[in-house]
Structures are given as structure tokens and as C-alpha cells.
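Here is the structure we will look at.
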Amino acid sequence: MRRRDARRHDEQGSALVEFVWLAMLLLVPLVYLLLAVFDVQRASFGAAVASRAAGRAYALAATDDEGLRRAREAATVALDDQGVTQPVDLRVTCEPAPPCHRRGATIVVHLSSRVVLPLVPAALGGGAPSFAVRAEHRVPIGRYRDVGP
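Written as C-alpha cells, this is what we have:
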């Protein structure tokens with residue numbers, strides 16, 4: 007009987023240690039994956055909102071130069087609201103051709119950025135891993151809109 011009691015005593019509590027290790031091995035990567043997905047989603051939503059705000063600001067400006075300045079400001083504010091701090095490439099084009107502020111034109115705003123994954127160092131000198139985020143928004147100028155002199 008002493009051997010049975012000795013075996014029970016030696017194995018007492020090992021299930022708790024195994025459970026804790028298993029939980030850590032599964033939960034830590036899952037939490038990291040969720041953080042990464044949330045960062046990419048936040049940047050994607052920020053890019054969509056910023057391109058829309060930039061398009062509206064450009065369309066409401068009196069000239070193309072003023073529109074570009076207002077579009078950059080509007081995109082910066084929208085991205086700051088979402089906590090996006092990465093550099094952004096903002097391009098504004100017109101269809102069929104410039105100038106954009108004329109009847110029947112369509113203003114097209116292209117916004118692109120990269121989202122750096124959280125808590126990942128730059129490995130092997132190649133830079134930190136990142137995802138590309140792009141958004142596009144079109145703003146039509148109406149046929150019957152008074153667009154200036």
C-alpha cells in the first residue's frame with residue numbers, strides 16, 4: 007500500500023501545471039493574432055474614411071490647388087481619429103481630365119498606406135512585416151452644379 011500512496015503523492019498537482027502551460031501556448035498566439043487583425047482592420051477603416059473625407063473636401067474647394075490642400079488636411083484628421091500613424095500616399099485624379107472642378111467631372115481619391123504588425127521586430131534587416139492598405143473614393147461633380155466663373 008505504501009507504493010500506491012507514494013505514486014499518488016508524486017503525481018499530485020501536475021495536471022494544473024500542464025493546463026497552465028497548454029493555456030499559455032494557445033492563448034498567447036491567439037491574443038497576438040487578434041491584436042494584429044484589429045490593427046489591420048483599424049487602418050483599413052481609417053483609409054476608407056480618410057479617402058471619403060478627402061474627396062468631399064476636394065469637391066467643396068473652389069480650385070484644384072485649394073482642393074488638394076484641403077484633401078490632405080481632411081485625410082490627416084480622419085487617420086488621426088483612427089490612430090493610424092504610418093505615412094500615407096494620397097493622390098487625387100480627375101476623369102476625364104483636369105481641371106476637376108467642372109460640370110460632369112469625377113474626382114477620384116486614391117489613398118495607400120502600410121500597417122506594421124505589432125510587437126514584431128525588424129528581422130534580418132528586411133524591415134518589420136506589414137500589410138498594404140488601399141482605399142479609393144469617387145466624387146462626381148453634377149452636370150447642373152455651378153462650379154464658378
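Positions 7 to 155 (our numbering) are the ones given, in order, by the sequence shown.
The beta-carbon is built from N, C-alpha and C at its ideal position, and this holds for glycine as well.
Whole beta strand (DSSP E) elements within the region 58-142, 3-residue minimum: Listed in chain order, the beta strand (DSSP E) elements of length 3 or more contained wholly in the region 58-142 are 94-101, 112-122.
Per DSSP, cross-strand counterpart(s) of Pro146: Answer by DSSP bridge pairing, in chain order: Thr112.
Beta-carbon gap between Arg75 and His143 smaller than 7 angstroms: Cβ distance not < 7 angstroms, so Arg75 and His143 don't count as in contact.
Closest residue to Arg62 among Leu41, Asp45, His107, Tyr38 (Cα-Cα distance): Taking Arg62 as reference, the option from Leu41, Asp45, His107, Tyr38 with the minimal CA-CA separation is His107.
Supposed close pair Gln92, Val121 - CB separation, criterion 8 angstroms: Indeed they touch by this definition, with Cβ atoms about 7 angstroms apart.
Residue of Leu41, Ala29, Leu125, Ser118 minimising C-alpha distance to Leu85: For the residues Leu41, Ala29, Leu125, Ser118, the minimum Cα distance to Leu85 belongs to Ser118.
Ala60 versus Val26: straight-line alpha-carbon distance, rounded: Rounded to whole angstroms, the gap between the alpha carbons of Ala60 and Val26 is 50 angstroms.
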